[in-house]
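Chemist: Numbered continuously in our numbering, the sequence shown closes out at residue 661. Here you go, one structure.
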Amino acid sequence: MGFNDQEIVALIGAHTLGRCHTDRSGFDGPWTFAPTSFSNLYFQELNNQKWVEKNWKGPKQFVDKDSGKIMMLPADMALTKDSNFKKWVDLYAKDEKKFFSDFAQAYQKLLELGVPFKEGTTEYRFKPLSA
Ligand code: HEM
Numbered sequence: 531m532g533f534n535d536q537e538i539v540a541l542i543g544a545h546t547l548g549r550c551h552t553d554r555s556g557f558d559g560p561w562t563f564a565p566t567s568f569s570n571l572y573f574q575e576l577n578n579q580k581w582v583e584k585n586w587k588g589p590k591q592f593v594d595k596d597s598g599k600i601m602m603l604p605a606d607m608a609l610t611k612d613s614n615f616k617k618w619v620d621l622y623a624k625d626e627k628k629f630f631s632d633f634a635q636a637y638q639k640l641l642e643l644g645v646p647f648k649e650g651t652t653e654y655r656f657k658p659l660s661a
């Protein structure tokens with residue numbers, strides 16, 4: 531999709547929000563202890579917790595060794611294994627402001643790429659009320 535390493539890492543930082551659901555992806559649990567706040571906690575947890583493979587019948591995922599209550603996907607763990615990704619993880623874990631501004635830019639790019647529609651799909655355009 532044309533994203534560089536820095537944008538890839540910034541975008542996955544959205545995993546600071548929400549959680550995985552066993553009845554959807556099959557994975558289970560939130561990435562942080564504050565999953566309704568937008569922050570750089572995802573990067574802090576990724577770096578600071580000891581992550582162990584979860585012992586269960588579900589798909590391969592990781593849980594923090596201390597509480598077993600937060601989780602990481604294999605794709606999240608990959609950010610710590612590849613040094614080109616890891617340097618951005620380290621920066622965003624330290625500098626929340628930098629994460630916020632890089633995330634805003636990368637997310638704008640993601641939205642503006644749009645999505646493909648079949649020809650003939652009805653197009654809705656929303657105008658501001660005051661226009
Ligand atoms: C390698 C890339 C990615 C992978 C493999 C991945 C994988 C997943 C999976 C498996 C879930 C759990 C879905 C569920 O069970 O409900 C999830 C949730 C989520 N993802 Fe990602 N994701 C990726 C990138 C992104 C990006 C780029 C964003 C946004 C910019 C994002 C935002 C979210 C959010 C906010 C949730 C939580 C949804 C909820 O609480 O229902 N993810 N992701």
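Beta carbons: idealized from backbone N, C-alpha and C, even for Gly. Every value quoted in this text rests on a predicted model; they were computed, and no experiment measured them.
#1: Tell me the DSSP secondary structure of residue 581 in three-state form.
#2: Are there any heavy atoms of the ligand HEM lying less than 6 angstroms away from the beta-carbon of residue 557, as far as the coordinates show?
#3: Quick one: is the Cβ of residue 634 within less than 6 angstroms of any heavy atom of the ligand HEM?
#4: Does the region 622 to 634 come within contact of the region 580 to 591, defined as at least 3 CB pairs closer than 8 angstroms?
#5: I want to check one thing, is the minimum distance from the CB of residue 655 to the heavy atoms of the ligand HEM below 6 angstroms?
#6: Would you list the one or two residues that DSSP bridges to residue 560?
#7: Rounded to a whole number of angstroms, what is the C-alpha to C-alpha distance between residue 537 and residue 621?
#8: Using a threshold of 6 angstroms, is the CB atom of residue 605 nearer than that to any non-hydrogen atom of the ligand HEM?
#9: Could you give the C-beta distance for residue 569 and residue 626, rounded to a whole number, given that I count them as a contact under 8 angstroms?
Modeler: Reading from the atomic positions:
#1: Strand, per DSSP.
#2: Of the heavy atoms belonging to the ligand HEM, at least one sits nearer than 6 angstroms to the Cβ of residue 557.
#3: No, the beta carbon of residue 634 sits no closer than 6 angstroms to any heavy atom of the ligand HEM.
#4: No contact exists between the region 622 to 634 and the region 580 to 591.
#5: The answer is no for residue 655.
#6: Partner(s): 549.
#7: Residue 537 and residue 621: Cα-Cα distance of roughly 13 angstroms.
#8: With a cutoff of 6 angstroms, residue 605 counts as near the ligand HEM, since its C-beta is closer than that to a heavy atom of the ligand.
#9: Distance from residue 569 to residue 626 at the Cβ level is roughly 6 angstroms; contact confirmed, criterion being Cβ atoms closer than 8 angstroms.
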